[in-house]
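Enquirer: The numbering of the sequence shown is our numbering, which starts it at -9 and goes up by one.
Pasting a structure below so you can have a look.
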Amino acid sequence: MDSILDFNREFDVSLFDRVVDALYTGKGADFIALQILEKLIQTKWKILPIEQRTGIKNFIVEVILHTASTEESLRQNKVYLNKLNLILVQVLKQEWPQNWPTFIPEIVQTSRTNLSLCENNMAILKLLSEEVFDFSAEQMTQAKTKNLKSQMCGEFSSIYNLCTEILQKAVQPTLILTTLETLLRFLSWIPFGYVFETDLISNLCTRFLQPPVTRNVTIKCLTEIGGLDCGNDFKEQFVNMFTMAIAGLREILGDLSKVDEEWDEYDNDQQEFVQNVAMFLTSFLATHLRLVESSATRETVIQAHQYLLRISQVDEREMFKVCLEYWNILVKGLYEDGRTPQFNAPTGLLNLGGGASAGSNASGNSSSMSAELRRQMYAGVLTGVRYVMISCMARPEEVLIVENDEGEIVREFIKDTDTITLYKTQRECLIYLTHLDSKDMENIMVEKLGRQMNGSEWSWANLNKLCWAIGSISGAMGEDQERRVLVIIIKDLLSLCELKRGKDNKAVVA
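Below you can see the structure in the form of C-alpha cells.
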C-alpha cells in the first residue's frame, strides 16, 4: 500500500494490477483501492499505456453502471458510488474531450434507460461542473480549463434538454432534487438564453418552490439567477421572477409574523429555508431594487422588505448580518438620493407599475422615483428597521459592564473583533436612519426608554442595547434636537435608577 502511494518511486504496474483486483474482494478493500486509483489518475495518468488507461476508464464506467442500475443498490452504496463518480470525473479531466468525445451523448443516452442511472448521471454532471467551473484554478492549466469550459458550453443543449425532460416528466422526488441540485451548479455559466428564454424560471417558481423536498434548492437557484450579470437585458424576466417568487413565498410563509418566537421550534429544513430566503431577498434587492421599484407592484416590493424585517428579528447572528448588509445598502441609497439633484425633481405619481430602470446602482433614469417618494414608500419599513437595530444592538468596544452567565454584573475587558465590527456596521445604519427621519428615531428611543421605566421591556440586556444605540448616533441629529433628547434620556435614566432596587440593577442603569 505505502509503495503504490509513494509517487516518488517508479510506477509498479504489477502492483497496481493487484490493487485493481482488490476492487473485487469487498467494500473495505474497495475504498482503499479507489483511493489509490484516484491518486494515480491525478498524478501519473499520462505515463500509463493507452491500453491500461482505456481499461481503467471502461472498468470505472462498468462498476458505476452496475452499482447504480437499481434504486436499492443506488441507496445502499451511496458513499461508494460517490467515490466512483469522483474518480470518473478525474478521468474526464484527463481524457475528455480529446480522447472521449462521446461522453456527453453517452451519459444522456444512458440517463433515458433507467431512473436510478439517470439520478446518478445527474450527480456526475454536477461534479464535473464543479471541477471545471469552480475548482479548476488550482488543479488545471488555463488552457485546459478554457478547453473544458468551451466543450461544456458547446454540448450543453443536450444536457439542458435532459434536465428539462426530467423536471417535466419525473415524479420521483430524489431524481427531481438531484436534477435541481445539478442545475444549480450550471446556472453560473450557462448561456443566458437557457435561463431567460425558456420556461425554467416559471417552473422553478410555480412547481418546485412549494414542495418541502425541493424548496431549499429552488430558492438557491432563484438566488443564483438573480445574481447573474446580464447588463440591461432581461429586465422583464427579472421582474416576473421576483413577482412569482414573492407570491410563492407568501403561500409558504404567510406574513412570517412570529418567526422570531417560533424559530427554535423550526426543524433544520425550515430554518435553512428561512436563511435561504434571506439570501435570495438581500442579493436580489441589492442588485435589482431600482428595477422592481419601477416595474413591480408596490405591494410586492414592500412585502419583500417586510419578510426581511421579520427575519432580521430572529436571534441568529449570521443571518442578521446578511440582512444588516442589505439594510445598510438601502438606507445609504435613500440618504444619498436625497443629496443628489437628479433624484429630487417630483415625478407626479408614485409609478410602481410601469417603466423600467437598471439595477440598484443605476442613476439618472427618467423612470426612477424621486428621493422623497422613495422615502415615503419605505417609511414604514424604515421605522421597523430602527426598532430592530436598537433591539439587536451589538456591544461597543468601550463598554465594560456586562452580565455574566450566572446573571451577575461584572466588568469585562474583552476585545471581540466580530462584535466590534458588527457594532460599527449597525452604527452606520442607525446614523443613516437618523438622517432620514430624526424625529422618528427620537420617538422610538424615547418610547423604548419609557418601556424600561414601566417595566414592560425591563432587562439589563435591553437597557444596555438601548443605551449603546443612543450613544452610537451621537452627532447625527441637529444640535437642538440632540440636546433635547439627551435631557429626556438622562432624566429618565436617573428616575430609573431611583426606581430599581439592588446594587446590580443600579450599576447597570448608572
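Idealized CB from N, CA, C, for every residue including glycine.
Give me the Cα-Cα distance between Q42 and Q200, rounded to the nearest whole angstrom.
Expert: Roughly 49 Å separates the two Cα atoms.
Enquirer: Can you tell which of E109, Q416, G45 and N72 has the C-alpha that lies nearest to the C-alpha of T60?
Expert: Here the closest residue by C-alpha is E109.
Enquirer: Is the beta carbon of S148 closer than 9 Å to that of P181?
Expert: The beta carbons of P181 and S148 sit no closer together than 9 Å.
Enquirer: Just tell me which of Q141, F49, N75 and L76 has its CA closest to the CA of T92.
Expert: Comparing Cα positions, the closest option is Q141.
Enquirer: If we ignore side chains and look at the alpha-carbon of each, how far apart do S350 and Q261 end up?
Expert: With a pLDDT of 41 at S350, under the threshold of 50, the modelled position of this residue cannot be trusted; read the value that follows with caution. Take the alpha-carbon of S350 and the one of Q261: they are about 28 Å apart.
Enquirer: My output table needs one value for I380: the three-state DSSP class, helix, strand or coil.
Expert: helix
Enquirer: Alpha carbon to alpha carbon, what distance is there between I236 and C195?
Expert: 9 Å
Enquirer: I'd like the span of the alpha helix (DSSP H) that includes R280, first residue to last.
Expert: N258 to S285
Enquirer: What does DSSP give as the partner residues of I399 in its beta bridges?
Expert: Per DSSP, E393.
Enquirer: Quick check on S247: buried or exposed, where buried means 16 or more other Cβ atoms within 10 Å of its Cβ?
Expert: exposed
Enquirer: Could you check if K159 is buried or exposed, using at least 16 other CB atoms within 10 Å of its CB as the buried criterion?
Expert: K159 comes out exposed.
Enquirer: Alpha carbon to alpha carbon, what distance is there between Q32 and K73?
Expert: 14 Å
Enquirer: If you reduce the DSSP assignment to three classes, tell me which class C143 lands in.
Expert: If DSSP states are grouped into helix, strand and coil, C143 belongs with the helices.
Enquirer: Would you check if the stretch 375 to 385 and the stretch 443 to 462 touch, i.e. whether three or more CB-CB distances between them fall below 8 Å?
Expert: yes
Enquirer: Quick one, which of E396, V264, E326 and D395 has its alpha-carbon nearest E362's?
Expert: The option with the nearest alpha carbon to E362 is E326.
Enquirer: So, with DSSP's three-state summary, where would you put Q129?
Expert: coil
Enquirer: Between L281, N433 and E418, which lies nearest to E226 when the distance is taken from Cα to Cα?
Expert: L281
Enquirer: Please confirm whether S101 and M112 have their CB atoms less than 9 Å apart.
Expert: The answer is yes: Cβ separation under 9 Å.
Enquirer: What number of angstroms, rounded off, separates the C-alpha of N193 from the C-alpha of V249?
Expert: 28 Å
Enquirer: With distances taken between CB atoms, is the gap from S119 to T172 smaller than 9 Å?
Expert: Yes. Within cutoff.
Enquirer: Could you tell me the distance, in whole angstroms, from the CA atom of C426 to the CA atom of G374?
Expert: As written in the sequence, residue 426 is Leu, which differs from the Cys given in the question. Distance between the alpha carbons of L426 and G374: 14 Å.
Enquirer: Does the count of Cβ pairs from the stretch 440 to 448 and the stretch 474 to 488 closer than 8 Å reach three?
Expert: yes
Enquirer: Specify, as a first and last residue, the run of the alpha helix (DSSP H) that C220 falls within.
Expert: No alpha helix (DSSP H) contains C220, which DSSP labels as neither H nor E.
Enquirer: What does the alpha-carbon distance come out to for the pair A133 and E187?
Expert: 31 Å
Enquirer: What number of angstroms, rounded off, separates the C-alpha of Q293 from the C-alpha of R300?
Expert: 11 Å
Enquirer: Below 9 Å between beta carbons: does that hold for W35 and V79?
Expert: no
Enquirer: Do you know offhand how far T57's Cα is from E387's?
Expert: Each residue's Cα considered, the two are about 58 Å apart.
Enquirer: Could you tell me the distance, in whole angstroms, from the CA atom of L115 to the CA atom of Q99?
Expert: 13 Å
Enquirer: Ignoring anything shorter than 4 residues, give me the alpha helix (DSSP H) runs that lie fully in the stretch 442 to 468, in order along the chain.
Expert: 450 to 462
Enquirer: Can you list, in chain order, the residues of its chain with a C-beta nearer than 8 Å to that of F515? Leave out the 5 residues immediately preceding and following it.
Expert: Because the chain here runs from -9 to 500, residue 515 falls outside it and cannot be looked at.
Enquirer: Exposed or buried, V303, counting other C-beta atoms within 10 Å across all chains shown (16 or more means buried)?
Expert: Looking at the sequence provided, one finds Gln at residue 303 rather than Val. Buried is the call here.
Enquirer: What residue does the alpha helix (DSSP H) around N75 start on, and which one ends it?
Expert: K68 to E85
Enquirer: Indicate the three-state DSSP secondary structure (helix, strand or coil) for V161 in the structure shown.
Expert: coil
Enquirer: Quick one, which of N318, Y316, S464 and V203 has its alpha-carbon nearest V161's?
Expert: It is V203 whose Cα lies nearest to the Cα of V161.
Enquirer: Taking the beta carbon of L476 as the centre, do at least 16 other beta carbons fall within 10 Å, making it buried, or is it exposed?
Expert: L476 comes out exposed.
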